[in-house]
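**Student:** Starting off with a structure, shown below.
Residue numbers (my numbering): 12 to 96.
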């Protein structure tokens, strides 16, 4: 059995009330897939930067997962042909 390791790095930037995150998946074969997420604090809410970081990172990871599913679907079509559904 071969163990494989993929790495996901999450980069977070903040500018005022806006937080952006980028999640980058790297595989052994040098594949890179990137997901992005954003969060914006309501100006009437108290400042809690960690919440913006968490929300933006979660959205970036969800986007990354969706992009990985698209890549997987495209790979399946290459090997099996288009589906009828």
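Positions of the beta carbon are idealized from the N, C-alpha and C atoms, including for glycine.
In this text, all values refer to a predicted model and were calculated from it rather than measured experimentally.
Under the rule that 16 or more other beta-carbon atoms within 10 Å means buried, what is residue 46, buried or exposed?
**Tutor:** With 16 or more other Cβ atoms within 10 Å, it is buried.
**Student:** Within 10 angstroms of its Cβ, does residue 30 collect 16 or more other Cβ (buried), or is it exposed?
**Tutor:** That one is buried.
**Student:** Measure from the alpha carbon of residue 54 to the alpha carbon of each residue in 73, 87 and 27, then state which is nearest.
**Tutor:** Ranking the options by Cα distance to residue 54, first place goes to 27.
**Student:** Assign residue 80 to buried or exposed, taking buried as 16 or more other Cβ atoms, counted over all protein chains shown, within 10 Å of its Cβ.
**Tutor:** By the 10 Å Cβ count, residue 80 comes out exposed.
**Student:** Rank 43, 67 and 74 by C-alpha distance to the C-alpha of residue 51 and give the top, closest one.
**Tutor:** For residue 51, the nearest C-alpha among the options comes from 67.
**Student:** What is the DSSP secondary structure of residue 29, reduced to helix, strand or coil?
**Tutor:** Strand at residue 29.
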